[in-house]
Amino acid sequence: EDKEEETEEEGGGEGRAKKQHKHGLAAGAGGGGGGAAASRAPKGMTLQERKEAVAAARRAAQQQQQQQQQERPGIAQPGLGAPSAPASAPSATATSTSHLAAAAAGAHGAATAATTAAVPQGRHVAACPPSCSTSDTWCSFDVRIPHVDWHRVFQDSPSTYSYSILSKGYDKYYLGNGLEVYMVDNPAHAADAINRLRASMQDPLITIDLEWKPEWKAGQNNRVSLMQLSSATVCVLLHTSSMGFQLPQAVKDLLTDPKVRILGFGWESADENKMQSTFQMGQSSFGNFLDLQVVAKQLSFPGSMGLLKLTKLVLGHDLVKAKAVSRSNWSLRFLSLHQIKYAAMDVFACGQVFRALRLWHSSPSACPGCHALVGALLPPPILQCPSTKKSFGTNMRHYLENAAKLKVPALYIHCEACGRFVPNNNAKNEGKK
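Heads up, the sequence shown is in the UniProt record's numbering, so the first residue is 1 and it goes up one at a time.
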């Protein structure tokens, strides 16, 4: 499993229970201009923080002006080609996973950021025909891959985000690249946020994740403090600890909508239990549910692979998850900027990886390392020692260590180029030697 990367980023911190998520932001309706940023800067900021807020606001305003001047309707955004262009497979001549990721997710090059008024439609990936032999329905519906520079999105400091206060307990954050986050503390505004989320949907997919206060002692069972829901470009953060740990009806209606595909990651473990114990509903209540970890396993990625590694392999960029943030107090009245970014990136990345895998699956091509088709449905590896017949389940490391110890050819290998478990085409030759 992934070990979350330690960073020097500021965490949530229980001692910071004031409106620190406003600090360092460019305030104003719709992302705000830079001219009045100094007067809008929150009280309690240091001089340096005020200067950074003003500079961030000016950069945001200049960027928005440049986009409005440069963007023209019908012109393809860099990265993925024209929205109407057919999905193309990863190049068989690519020499690294970053090139594979570029073909799948438009990560190669600098993608033009979209304004909130005109989010690009993205690349269309059609549903598979009924003849596709998937064991579930994860490829039975169309998806669209947005034009987003994910490297920039993952690396941007949250202090550069612009924001606007929509109402008391209801804020909007603009992350650039057409991505928006709505922070809902007041349940009265949940319906509006969900309506905005629904309006942004270019495909049926909604990604879900949960956060709760860390449980440091045995026997603790803290309730869900934050629910994250996202389309490809809009994320809604529902601060359920400020809502009496109750889900507004609009949220329940979205989760149980049979036309919506709810996507989680490794949901069967802690998330399902927390969902049931806090809200008395779970996977069985959802209209349609998919698990990205299960989908990745069907495409021969290790079943134990976490979201960090899968994001790196598929999108070609690092999704940084600081322990100081992941283990922070999610039940605080006001979340920090780093908590807001962490929560949003989890669901945005999960959804983008799924859409990228769908692109690979729609038109598989050979991996430059192992030459097995990337995106194809391969039979699950049977990790059994050919000499002793000992089974290793899904533990590839123990399987390979056993093969090396007994000096027998391994029938399956872990490809460093694509990250999958694939048949060892050289096994017969190794056996003869």
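C-beta: ideal position from N, C-alpha, C; glycine also. These numbers come from a predicted model, not from an experiment.
Pull up the distance between the alpha-carbon of residue i and that of residue j, whole angstroms please.
i: GLU215; j: PRO248; result: 26 Å
i: LEU175; j: LEU255; result: 25 Å
i: ARG333; j: VAL353; result: 31 Å
i: ASP318; j: LYS341; result: 14 Å
i: VAL153; j: SER162; result: 14 Å
i: LEU166; j: VAL148; result: 25 Å
i: GLY419; j: LEU313; result: 7 Å
i: ALA199; j: ALA193; result: 10 Å
i: ALA388; j: ALA270; result: For the record, residue 388 in the displayed sequence is Thr; it is not Ala. If I take the Cα positions, the gap works out to 36 Å.
i: PRO381; j: PRO409; result: 15 Å
i: THR394; j: ALA55; result: 51 Å
i: PHE392; j: PHE301; result: 17 Å
i: TYR399; j: LEU411; result: 10 Å
i: PHE245; j: ARG261; result: 24 Å
i: ALA111; j: GLY169; result: With a pLDDT of 33 at ALA111, under the threshold of 50, the modelled position of that residue is not reliable, and no figure is offered here.
i: ASN288; j: LEU299; result: 20 Å
i: SER365; j: LEU378; result: 13 Å
i: SER331; j: ASN186; result: 14 Å
i: MET396; j: SER225; result: 36 Å
i: CYS128; j: LEU205; result: 16 Å
i: ALA188; j: ASN195; result: 13 Å
i: ASP253; j: MET243; result: 17 Å
i: ASP156; j: TRP150; result: 10 Å
i: VAL295; j: ALA250; result: 28 Å
i: ILE75; j: GLN121; result: Residue placement at ILE75 is flagged as unreliable, the pLDDT there being 25, under the threshold of 50; the coordinate-derived value follows with that caveat. The alpha-carbon atoms of ILE75 and GLN121 are separated by roughly 11 Å.
i: ALA417; j: LYS390; result: 28 Å
i: PRO130; j: ARG123; result: 22 Å
i: ALA372; j: SER140; result: 23 Å
i: LEU179; j: TRP138; result: 24 Å
For residue i, does the count of other Cβ atoms within 10 angstroms reach 16, so buried, or fall short, so exposed?
i: LEU406; result: exposed
i: THR240; result: buried
i: CYS415; result: buried
i: GLN202; result: buried
i: GLU211; result: buried
i: PRO368; result: buried
i: ASN273; result: exposed
i: ASN426; result: exposed
i: THR278; result: buried
i: ALA190; result: buried
i: ALA218; result: exposed
i: ASN177; result: buried
i: THR160; result: buried
i: CYS132; result: exposed
i: GLN293; result: buried
Within the same chain, show all residues whose beta-carbon is closer than 7 Å to that of residue i, passing over the 5 residues directly before and after it, in chain order.
i: LYS297; result: GLY303
i: LEU197; result: LEU229, SER231, VAL234, VAL236
i: ALA349; result: LEU307, THR311, LEU319
i: PRO158; result: LEU337, HIS338, ILE340, LYS341
i: THR95; result: Interpretation of THR95 is limited by its pLDDT of 32, a score under 50 that renders its predicted location unreliable; no figure is taken from the coordinates.
What are the start and end residues of the beta strand (DSSP E) that includes residue i?
i: SER227; result: The identity of residue 227 in the sequence shown is Met, whereas the question assumes Ser. Segment 224-230, the beta strand (DSSP E) holding MET227.
i: HIS414; result: 412-414
i: HIS124; result: 123-125
i: ARG144; result: 143-145
i: PHE421; result: 421-423
i: LEU238; result: 234-238
i: TYR161; result: Where TYR161 is concerned, there is no enclosing beta strand (DSSP E), given that its DSSP letter is neither H nor E.
i: THR207; result: 205-212
i: ILE262; result: 261-264
Check for me: the alpha helix (DSSP H) holding residue i runs from which residue to which?
i: MET396; result: 396-406
i: ASP253; result: 249-255
i: TRP138; result: Looking at the DSSP string, TRP138 is not in any alpha helix (DSSP H), and its letter there is neither H nor E.
i: residue 439; result: Outside the shown range of the chain, which is 1 to 433, sits residue 439, and nothing can be said about it.
Ordered along the chain, which non-local residues of its own chain (more than five positions away) have a Cβ less than 6 Å from that of residue i?
i: CYS370; result: CYS415, VAL422
i: ALA403; result: ALA410
i: ALA344; result: VAL181, CYS235
i: MET183; result: ASP171, LEU237
i: PRO258; result: GLY287
i: THR207; result: SER230, LEU263, VAL347, CYS350, GLY351
i: TRP267; result: ASP291
i: LEU383; result: PHE392, TYR399
i: ARG223; result: PHE245, THR278
i: ILE413; result: ASN424
i: TYR173; result: TYR161, TYR163, VAL181
Kindly list the residues whose CB is nearer than 8 Å to the CB of residue i, restricted to its own chain and excluding five residues on each side of it in sequence; keep chain order.
i: GLY282; result: GLU272, MET275, GLN276
i: ASP209; result: MET227, GLN228, GLY264, PHE265, ASP271, ALA343, ASP346, VAL347, CYS350
i: ASN221; result: GLU215, SER277
i: PRO386; result: VAL408, PRO409, LEU411
### Query
Which ranges would you report for the alpha helix (DSSP H) in the region 274-341 if only whole runs of at least 4 residues count?
292-298, 307-315, 323-326
| request: Please specify which runs of the alpha helix (DSSP H), each continuous and at least 4 residues long, are wholly inside the region 173-200, giving them in chain order. | output: 190-200
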